[in-house]
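One structure below.
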Amino acid sequence: AVSQEQMEKIAKSMRNACLQKIDTTEELVAGIKRGEFPDDPNLECYTHCIMKTMRSFKNNEIDFKMVMKQIDASMPPDMAPRVKAAVRLCKNREYDTEPCKMTYQYTKCVYEADPEVFFFP
């Protein structure tokens with residue numbers, strides 16, 4: 001199990017890597033944690049970059065088995081069960097087939113399912 005601090009550290013390195021690849025701002029990225037999902041193609045592709053980095057997006061789809069493994073590996077035990085429940089709620093939704101839009105819509109769904117424990121790098 002990891003602590004909140006370790007989770008933040010892991011997230012920061014992923015965030016920095018994706019911010020170098022994707023032309024978006026720290027401000028927009030920080031807004032995701034507050035449930036701000038503006039119509040912004042670069043921010044959409046940032047969520048895709050993070051999910052690819054976490055190996056939870058493969059073959060043009062979200063790999064839910066890997067999402068669950070990543071939650072267990074990178075979240076504190078007091079948060080993980082609620083986040084997994086939110087993921088389960090969002091698993092069978094219809095999402096756009098375009099990868100950036102798909103991961104963005106999915107991320108928004110998980111946020112809306114349980115904003116209190118939502119975490120995204």
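Going by full-length UniProt numbering, the sequence shown wraps up at 121, each residue one higher than the last. C-beta atoms are modelled at their ideal positions from N, C-alpha and C, and glycine is treated no differently.
Secondary structure at Ile22, three-state DSSP: helix, strand or coil?
Residue state, collapsed to three classes: coil.
What do you get for Glu44, buried or exposed, if any count of 16 or more other CB atoms within 10 angstroms of its CB means buried?
buried
Nearest residue (CA-CA) to Asp96, options Tyr106, Val83, Leu89, Val2:
Tyr106
Helix, strand or coil for Glu36? Go by DSSP, reduced to three states.
coil
Ignore the nearest five residues each way along the sequence and tell me which others in Ala73's own chain have a CB closer than 8 Å to its CB.
Val2
What does the alpha-carbon distance come out to for the pair Arg55 and Ile22?
17 Å
Proximity below 8 Å, CB of His48 to CB of Pro99
Yes, they are a contact pair.
Arg93 to Lys108, Cα distance in whole Å?
12 Å
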